[in-house]
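Numbering of the sequence shown is given in this note's numbering, commencing with residue 72 and proceeding in unit increments.
Virtual Cβ for every residue (Gly too), placed ideally from N, Cα, C.
Report on the following structure.
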Amino acid sequence: MNVDFTSVRNANERAVCAAVATHARAYPGVANDPGLLADVACVALNRLPPRYIRHEVDFSFYRSEREREKGDRLVGEAVQYAFGFVQARSAMRARA
């Protein structure tokens with residue numbers, strides 16, 4: 072059996088990556104390093120419950136406004152935490 076799973080993805084990925092890009096300017100020590108920005112996205116995604124989808128429209132259609140607002144808030148909180156975490160770890164490495 073040949074099954075193609077390439078369309079399956081975590082619905083939070085786009086929202087997290089967009090939030091990281093939006094807030095990067097507030098963290099210049101992290102924003103200048105693409106590798107650290109990717110780390111921020113990973114830390115944030117690991118703090119969120121996975122929501123797997125195949126199509127963005129499916130995810131949007133089945134969530135209520137309340138669920139969307141809660142998801143946006145959780146993404147924002149996770150990204151803020153992740154920036155602080157990665158920035159602190161980066162500073163610790165620089166001191167060593």
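Checklist entry - Between the C-alpha atoms of Arg80 and Pro121, what's the straight-line distance to the nearest angstrom? => result Near 9 Å, if we compare the C-alpha coordinates of Pro121 and Arg80.
Checklist entry - Could you give the residue range of the alpha helix (DSSP H) that holds Phe76? => result Taken as a continuous stretch (DSSP letters only), Phe76 belongs to no alpha helix (DSSP H), as it is neither H nor E.
Checklist entry - Would you call the region 143 to 156 and the region 73 to 91 touching, i.e. three or more CB-CB distances under 8 Å? => result Contact between the region 143 to 156 and the region 73 to 91 is present, because at least three Cβ pairs lie under 8 Å.
Checklist entry - Under 7 Å between the Cβ atoms of Val87 and Phe156? => result No, these two residues do not count as a Cβ contact at 7 Å.
Checklist entry - From the DSSP output, which residues share a beta bridge with Arg80? => result The partner list for Arg80 (beta bridge, DSSP) reads Ile124.
Next on the checklist: Rounded to the nearest angstrom, what separates His94 and Phe76 at their Cα positions?
Outcome noted: Each residue's alpha carbon lies about 32 Å from the other.
Checklist entry - Assuming Gln158 contacts Val101 under a Cβ cut-off of 8 Å, what Cβ separation, rounded to an integer in Å, is found between them? => result Right, the Cβ-Cβ distance comes to about 5 Å (below 8 Å), so this counts as a contact.
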